[in-house]
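Below: the structure, in structure tokens.
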Amino acid sequence: HAPIVIAVDGPAASGKGTLSRRLATQYGLRHLDTGLSYRAVAQALLASGQPLDDEALAATAARAVDFSGFDAAALSAHEVGDAASRVSVFPPVRRILVDKQRDFARVPPGAVLDGRDIGTVVCPDADVKLYVTASPAVRAGRRHREILRLGGQAEYEAILADIERRDARDMGRADSPLRPADDAHLLDTSQMSIEAAFLAACAIIDAAR
Ligand code: C5P
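The working numbering applies: residue 8 is where the sequence shown begins, and numbers increase by one.
Here it is as structure tokens:
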């Protein structure tokens, strides 16, 4: 049996990570949050005081990224996500990380990969492709509540501005911009609970298998 691959793409704070983890458990697949690989590159540069706008330095950091385990806590900070979207515009960084992501997807029994370009570039032959969105206001509201729930502080307006800036950068870049694959199933979760989104995704996957 060829490995089963489920591609989940979408913008920042769309809920694709939570959804992907649940789908991996439901279907007995491995899960890879590809955003963490771009965050790891950004974090390595930030931690060593290196600039984020040097393509060669970023490529060297990308080669060193270890896919066997990411420190999600260190990588989850908002600033790291923003820095990740800056280093992710460099084609050599993308080539290096995409190769490693494809290696992950090839291992039986298969995997759920979530990111921005899984259905379009990383796994164009994925068995099922989902494109998860919600309005910027809804995504900012969810992120805001999450930060407050964890005891942090944040301004809703600042989060919304950040999400809109990241959307523009991820959709506007030349190499592998964020967009739905032609054969992706669109899932707009603006008016959906996590549970409803999960059930809708399962219905799409079951119908495709
Ligand atoms: O999904 P997450 O917010 O962790 O991703 C951080 C950044 O990494 C994104 O804003 C995007 O610029 C980049 N990224 C990417 N391709 C992916 C996953 C993430 O360019 N497949």
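Glycine included, C-beta positions come from ideal geometry on N, C-alpha and C.
All figures in this text were calculated on a predicted structure; none of them were measured in a lab.
Item                                                                        : Value
Segment limits, beta strand (DSSP E) that includes A118                     : G117 to G122
Cβ-heavy atom distance, I125 to the ligand C5P, below 7 Å                   : yes
Rounded separation between L43 and G126 - CA only                           : 17 Å
DSSP-derived helix/strand/coil call for L194                                : strand
Simplified DSSP assignment, three categories, for A14                       : strand
Rounded Cβ spacing between K136 and D195 (contact assumed at less than 8 Å) : Rounded, the Cβ-Cβ distance is 15 Å, inconsistent with contact.
Any non-hydrogen atom of the ligand C5P closer than 7 Å to G179 Cβ          : no
Extent of the continuous alpha helix (DSSP H) run through H85               : H85 to V94
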